[in-house]
Amino acid sequence: CMTSPRYEPYVVMRYCKDLPPFQEQFAGYGQNKITWMQQVRRSGYKFYQVGQGFLLHFPHKQSAAKKVFAQEKEEDVESVYVYQLAASFHHWMEENVPNQNVIPQC
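Residue numbers (this note's numbering): 900 to 1005.
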């Protein structure tokens, strides 16, 4: 099960023409992996843990887009542009992507 709708696990997937594309409006920082994973789940894909496999995420410098996001969030969290995009995306997804989710939320 997924512990949160904001869950963005690192996944490795074989290319498939039927996979949902990343939403280009989420360029920069924030919500790109979260919204994609939500659409993949809603589309009915299943996930399996690979035994003996692991990934590493190395720390890196904060991007310019992350700095803008952090400043917007500090000033007024409701006006953060990427959150507004995400809300619009969720509305679109509810209207256009049939809910075939097979992975429950815990």
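Beta carbons are placed, not taken as given, at the ideal position from N, Cα and C, and that holds for glycine. These numbers come from a predicted model, not from an experiment.
Compare the C-alpha of residue i against each of the options and name the closest.
i           : options            : result
residue 903 : 926, 933, 912      : 933
residue 968 : 983, 954, 955      : 983
residue 906 : 917, 912, 916, 929 : 929
residue 931 : 999, 959, 946, 986 : 986
residue 936 : 976, 912, 973, 994 : 912
Sort out for me which residues DSSP pairs residue i with in a bridge.
i           : result
residue 901 : 1004
For a test of the three-state rule: what should DSSP assign to residue i, helix, strand or coil?
i           : result
residue 939 : helix
residue 980 : helix
residue 998 : coil
residue 926 : coil
residue 945 : coil
residue 968 : helix
residue 960 : coil
residue 912 : coil
residue 988 : helix
residue 993 : helix
Once the 5 residues before and after residue i are set aside, which same chain residues still bring their CB inside 7 Å of it?
i           : result
residue 980 : 971
residue 961 : none
Taking only beta-carbon atoms, is residue i less than 9 Å away from chain C?
i           : result
residue 944 : The displayed structure is made up of one protein chain only, and chain C is not part of it.
Quick one: what's got a C-beta closer than 6 Å to residue i's C-beta in the same chain, skipping five residues either side?
i           : result
residue 901 : 1002, 1004
residue 954 : 909
Suppose the cutoff is 8 Å on Cβ atoms and the five residues either side in sequence are ignored; what does the same chain contact list for residue i look like?
i           : result
residue 945 : 1001, 1002
residue 956 : 909
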